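Per my numbering, the very first residue in the sequence shown carries number 1151; after that it's consecutive. Notes to accompany the following structure.
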Amino acid sequence: MNRKEEDRAVEQIIVRLEKKFPNEPPTSIEKTVHAQQLALARNPLRDYIPVLIEHAVKDRLRRAALHLTAAA
1151 MNRKEEDRAV EQIIVRLEKK FPNEPPTSIE KTVHAQQLAL ARNPLRDYIP
1201 VLIEHAVKDR LRRAALHLTA AA
């Protein structure tokens, strides 16, 4: 996967996560996705980066939602 394909996949991840987590601000989702992409920047297996990003961000957003629910 080249950089252009990876960037396209990351943008698709952002759109999917915005739909899945409508109560989360879109800018927060975008920042979290890009932070995860940066965290994986040195990973040589680029084909798996979008999948790893999506799973990690989903986990973070779910945990955040659980904390909000528990606090309410």
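Positions of the beta carbon are idealized from the N, C-alpha and C atoms, including for glycine. As the structure is a prediction and not an experimental result, all values here were calculated from the model.
Top-ranked residue by Cα proximity to residue i, from the options
i, options, result
"Arg1210", "Pro1200, Leu1195 and Phe1171", "Phe1171"
"Glu1180", "His1217, Ala1221 and Glu1168", "Glu1168"
"Thr1207", "Ile1163, Arg1192 and Ala1221", "As written in the sequence, residue 1207 is Val, which differs from the Thr given in the question. Cα-wise, what sits closest to Val1207 is Ile1163."
Between the CA atoms of residue j and residue i - distance to the nearest angstrom
i, j, result
"Val1132", "Asn1152", "Nothing can be reported for residue 1132: it is not among the residues displayed for the chain, which extend from 1151 to 1222."
"Asn1173", "Val1165", "14 Å"
"Ala1214", "Lys1154", "30 Å"
"Ala1185", "Arg1212", "17 Å"
Simplified DSSP state of residue i, which is helix, strand or coil
i, result
"Ala1191", "coil"
"Pro1172", "coil"
Nearest-angstrom Cβ-Cβ length linking residue i and residue j, presumed shorter than 8 Å
i, j, result
"Val1160", "Pro1200", "6 Å"
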